[in-house]
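Notes follow once the structure below has been shown.
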Amino acid sequence: MTLYLTRLIPHPASRLAQQELGASTSHASLHRRVMSLFPDGIPEQARTHFGVLFRVEDTPRGSHLLLQSNQPPDPARLPAPYATLTTRPLDTLLDALEPGRTLHYRCTASPVRKPGATTRAHYNLPAVIPLNGNAAEEWWQRQADQAGLKTLTLHSQPVDAARDRQYPAGTTRADRAKHNNRVHHHRVRFDGTATITDPDLLRTAILSGIGRGKAYGCGLLSIAPAPDPA
């Protein structure tokens with residue numbers, strides 16, 4: 000299966016694009032915009048069907064979107080003007096993965112701990128505990144190990160949580176006040192270098208993403224070749 004990486008850069012004249020990629024946007028709205036780039040008619044799990052993972056990148060020139068998918072997104076499905084899209088296949092990069100090779104990596108993920116029912120009751124803990132600092136970095140080390148990577152360097156940086164509300168299908172605007180289904184995905188960006196221990200595990204992690212909150216801009220693992228350590 001071919002994977003594609005797309006860079007979406009908002010058009011300077013598009014206030015809609017600037018708004019949807021901004022920090023205050025509804026992450027559900029951004030997810031809908033991303034999914035609008037792919038064909039309709041998938042009854043359920045469309046994100047999984049198209050292998051969609053995405054991440055908003057903040058740069059000195061403003062925010063842009065990185066989007067990974069198993070088929071190229073269709074720029075004609077965007078309102079005009081909205082953004083320019085540049086898409087390239089990842090086959091060459093993925094085919095070159097081999098044990099011992101050194102990589103740069105980046106992933107904005109949602110590091111959490113889910114204590115068992117007994118522990119929650121004893122300590123009066125929530126069902127999901129967000130992790131920060133050393134605890135978040137230890138979480139990432141475990142994820143990297145499972146993804147076929149041996150971490151060499153690691154820098155973590157908290158980013159704004161993804162917040163939204165979910166409503167049952169068919170809920171009208173008038174009925175939304177009756178529901179309090181808040182979505183909150185704690186997010187941390189992890190950057191660094193690593194060596195490959197298992198290329199197959201790494202390809203699977205790139206394809207599937209890491210952690211929870213993938214519909215809210217979490218889990219996309221980006222890699223690039225790096226010089227081997229001396």
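Position 218 of the sequence shown, counted from 1, bears residue number 217 in numbering that gives the first Met the number 0, the numbering being contiguous throughout. Just so it is clear, CB atoms sit at the ideal spot from N, CA and C, and this is done for glycine as well.
query                                                                                          : result
Alpha-carbon to alpha-carbon, T194 and Q145                                                    : 13 Å
Coil, strand or helix - K213 by DSSP                                                           : helix
Three-way DSSP call (helix, strand, coil) for Q156 in this model                               : strand
Separation of N69 from R87, as counted between CA atoms                                        : 11 Å
Status (buried if at least 16 other CB within 10 Å, exposed otherwise) for K213                : buried
Strand pairing of Q142, partner residues [DSSP]                                                : Its beta-bridge partners do not exist; DSSP assigns none.
Per DSSP, cross-strand counterpart(s) of K149                                                  : T194
Own chain, CB closer than 6 Å to L102, minus 5 neighbours either side, in chain order          : A193, I222, A225
Length of the line joining the Cα atoms of T196 and F189                                       : 19 Å
Segments assigned alpha helix (DSSP H), at least 4 residues, entirely inside the segment 14–97 : 14–19, 26–34, 45–48, 90–94
Cα-Cα separation between E19 and L130, rounded to whole angstroms                              : 27 Å
Rounded separation between S207 and F49 - CA only                                              : 11 Å
Cβ shell of R112 (< 7 Å), same chain only, five flanking positions each side left out          : I128, L130
Nearest residue (CA-CA) to T85, options T58, L4, D39                                           : L4
Beta carbon of P110 nearer than 7 Å to that of A126                                            : no
Separation of W138 from L200, as counted between CA atoms                                      : 17 Å
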